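The sequence shown maps to residues 1306 to 1395 in this note's numbering.
Where is the CB? At the ideal position from N, CA and C, for every residue including glycine.
Remember, predicted model here, so these are calculated numbers, not experimental data.
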Amino acid sequence: MHPDQATDLVFETALALNKPFAVVPCCVFADANPHRVLANGAPVRTYDEMLEYYQAKSPDVRRARLAFEGRREVLYRLPPSCPMTEKKAH
């Protein structure tokens, strides 16, 4: 769930293979990831910007807050046949 510097790879692989996933992004590593830019062209420098960047990768990416302290925002995508996914379409 906490992929650290592999977050980009988790997202890209899951989206390319149309797989469900859940990750809890933590560290931004802005200097190591200059390819991360927001829709407005600004570089991703903060945690909130990183969450925005990942959510913008697909309209299916959802966000929730887990019930513990620390970094606890989970970004996830459900399988296509999941009842919660079908409910969203209605």
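DSSP puts D1315 in a beta bridge; with which residues? The sequence shown places Val at residue 1315, not Asp. Answer is none; V1315 lacks a bridge partner.
Cutting at 7 Å between CB atoms, please list the residues of its own chain near K1362, excluding the five before and the five after it. Within the same chain, F1316 and L1320 come within 7 Å of K1362 by CB-CB distance, once the 5 residues on both sides are set aside.
Closest Cα partner of Y1358 within the set F1373, L1371, G1375 and H1340: Taking only the C-alpha atoms, the option nearest Y1358 is H1340.
First and last residue of the uninterrupted beta strand (DSSP E) at E1378: E1378 to R1382 is the extent of the beta strand (DSSP E) around E1378.
Beta-carbon spacing of V1328, T1351 below 8 Å: No, they are not a contact pair.
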